[in-house]
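Colleague:
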Amino acid sequence: MSSSLSAGAQSFVPPSQPTTSNNQLPTSVQLPKLEAVEGAKRLAAFAAVDKHVGLKDKIIGIGSGSTVPYVVDRIVAQGKEANKERIFLPTGFQSKELIIKAGLTLGDVDQFPQLDVTIDGADEVDNDLHAIKGGGACQLREKVLAEAATTWVIVADYRKNSKVLGTTWTQGIPIEVVPFAYATVLSSLARMGSLSKLPNGKPGLALRMGVKKAGPVVSDNGNFIIDAPFGEDWMRKPAELLKTIKLITGVVEVGLFCNMARAAFFGNEDGTVTVRNNDGSTESIESVPDVPDLSQPGPAKKAQLEQEMKVSGGELRDA
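Under UniProt numbering, the first residue of the sequence shown carries the number 1, and numbering increases by one thereafter.
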């Protein structure tokens, strides 16, 4: 074996991002235009990072889903200096690969049980910021990092923004179960009223089966996933539904995230971002810059700084 091949086999070094002299992505390079949905995902991710991932945030959870790669892109764009002391915790295989390939420092919840912020996608979000997650079978790890974070933020495109859960995500609530108990859990869910057939005629309550794989989907934890659709009466009280399902023996975790999100960012087709906050307020971001501006703190960070200055007797001034 040649010496050059041996040296190359010792370690894999992810390709570095192009940077300017101040270690930020080149501002002269225009971001590629994306199709409507992908563009909306990017807008939501960029806006959420700009507002909730500040220089003081060092332990950061990276969630799962199709919007999350844009979250990592924006974090990388904050520059090497901003990221050199940060640790990033993944919710699953996808986010772990994103962290490694971006050249960010990978950590584990065993080492860092308390996070500053976690940003994650969602399959659907209702008016009260309750969310359905688990379309990618990562709901257990996603919920661990969501609960461990001081701030948990949802990023999604406009299609995920609903008044009532189950409006657009009709496949059902993703439920992670131990393999031994899946049949008894299915029976219990059926007795609760989970629909055996959807209104559109498609199959309802079922064990999720693999695509291009013989047999059921297996989570990163070695468990099975059940998709359990419920009628609107149940979906209007998701917190109660969550507790009821969680009490079924054999259930590991339920893909209902209730009363957890600080805010949800939805990218829209017209280039704006709709932000719904947990205090009931809604705001609209008319445009998102191509590169992050770290010179000014976002509203959440500014409030934190103002409080710190008040305690210390100082004064916070805009630049």
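Glycine included, C-beta positions come from ideal geometry on N, C-alpha and C.
Going by alpha carbons, who is nearest to T168 out of I59, M209 and E124?
Modeller: Comparing Cα positions, the closest option is E124.
Colleague: How would you call G280, buried or exposed, if buried means at least 16 neighbouring beta carbons within 10 angstroms?
Modeller: Exposed, because fewer than 16 other Cβ atoms sit within 10 Å of the Cβ of G280.
Colleague: Which whole-angstrom value is the C-beta distance of G255 and Q139, which I expect to be below 8 Å?
Modeller: Going by Cβ atoms, the distance from G255 to Q139 rounds to 4 Å, so yes, they are a contact pair.
Colleague: How do the stretch 112-122 and the stretch 227-234 stand: do at least 3 beta-carbon pairs fall below 8 Å, yes or no?
Modeller: In short, these stretches do not touch, since the Cβ pair count stays below three.
Colleague: Please classify K51: is it buried, with 16 or more other beta-carbons within 10 angstroms of its beta-carbon, or exposed?
Modeller: It counts as buried.
Colleague: Comparing alpha-carbon positions, which option in S188, S66 and K84 lies nearest I60?
Modeller: When only C-alpha atoms are compared, the closest one is K84.
Colleague: Return the bridge partner residues of W152 from the DSSP annotation.
Modeller: For W152, which the question treats as bridged, DSSP gives the partners T118.
Colleague: Rounded to whole angstroms, what's the CA-CA distance from A190 to A82? Just pull it up for me.
Modeller: If I take the Cα positions, the gap works out to 50 Å.
Colleague: Use the C-beta contact count for T91: other C-beta atoms within 10 angstroms, 16 or more gives buried, fewer gives exposed.
Modeller: The residue is buried, with at least 16 neighbouring Cβ atoms inside 10 Å.
Colleague: Does the stretch 42-57 come within contact of the stretch 256-271, defined as at least 3 CB pairs closer than 8 Å?
Modeller: Flag = yes, the stretch 42-57 and the stretch 256-271 touch.
Colleague: Compute the beta-carbon to beta-carbon distance between L242 and A228, rounded to the nearest angstrom, for a pair I have assumed lies under 8 Å.
Modeller: Incorrect: roughly 12 Å between the Cβ atoms, too far for contact.
Colleague: If you run the structure through DSSP and keep just helix, strand and coil, what is T170?
Modeller: T170 falls in the coil class under three-state DSSP.
Colleague: Helix, strand or coil, according to DSSP, for G39 in the structure here?
Modeller: If DSSP states are grouped into helix, strand and coil, G39 belongs with the helices.
Colleague: Thinking just about the alpha-carbon of each residue, which of G103, V53, I248 and G271 is nearest to the one in S287?
Modeller: If we check each option's Cα against that of S287, G271 comes out closest.
Colleague: Our contact map puts R74 next to V49 with C-beta atoms below 8 Å; I'd like the distance itself, whole angstroms only.
Modeller: So it is a contact: roughly 4 Å between Cβ atoms.
Colleague: Whole-angstrom Cβ separation of V117 and V53, contact assumed at under 8 Å?
Modeller: At roughly 6 Å, the Cβ-Cβ gap stays under 8 Å, so V117 and V53 are in contact.
Colleague: Between S194, S284, G193 and Q171, which lies nearest to K133 when the distance is taken from Cα to Cα?
Modeller: The shortest C-alpha separation from K133 is found at Q171.
Colleague: Is the distance from the Cβ of R276 to the Cβ of N221 below 9 Å?
Modeller: Taking 9 Å as the Cβ cut-off, R276 and N221 do not qualify as a contacting pair.
Colleague: On the criterion of 16 or more Cβ atoms from any shown chain inside 10 Å, does F257 qualify as buried, or is it exposed?
Modeller: Answer is buried; the Cβ neighbour count reaches 16.
Colleague: According to the neighbour-count rule (16 or more other Cβ atoms, all chains shown, within 10 Å of its Cβ), is P289 buried or exposed?
Modeller: It is exposed - the Cβ of P289 has fewer than 16 other Cβ atoms within 10 Å.
Colleague: Counting along the chain, where does the beta strand (DSSP E) carrying N277 start and finish?
Modeller: Taken as a continuous stretch (DSSP letters only), the beta strand (DSSP E) holding N277 covers V273 to N277.
Colleague: Classify G210 as buried or exposed, calling it buried when 16 or more other Cβ atoms lie within 10 Å of its own Cβ.
Modeller: With fewer than 16 Cβ atoms within 10 Å of its Cβ, G210 is classed as exposed.
Colleague: Please confirm whether V153 and V251 have their CB atoms less than 9 Å apart.
Modeller: No, the pair does not count as a contact, with Cβ atoms beyond the cut-off.
Colleague: Between the Cα of T244 and the Cα atoms of D157, K197, I100 and S188, which residue gives the shortest distance?
Modeller: Residue S188 is the option with its Cα nearest to T244.
Colleague: Mind reading off the beta-carbon distance from L207 to F180? Whole number of angstroms is fine, and I expect it under 8 Å.
Modeller: Contact flag wrong, Cβ pair sits at about 13 Å.
Colleague: What residue range does the beta strand (DSSP E) around L89 cover?
Modeller: Counting along the chain, the beta strand (DSSP E) containing L89 begins and ends at I87 to P90.
Colleague: According to DSSP, simplified to helix, strand and coil, what is residue 321?
Modeller: Here the chain covers residues 1 to 319 and nothing more, so residue 321 does not appear.
Colleague: Give the list of continuous alpha helix (DSSP H) stretches no shorter than 4 residues that lie fully inside the stretch 206-263.
Modeller: Runs found: 232-235 and 238-246.
Colleague: Looking at the unbroken beta strand (DSSP E) that takes in T282, where does it start and where does it end?
Modeller: Looking at the DSSP string, the run of the beta strand (DSSP E) that includes T282 is T282 to I285.
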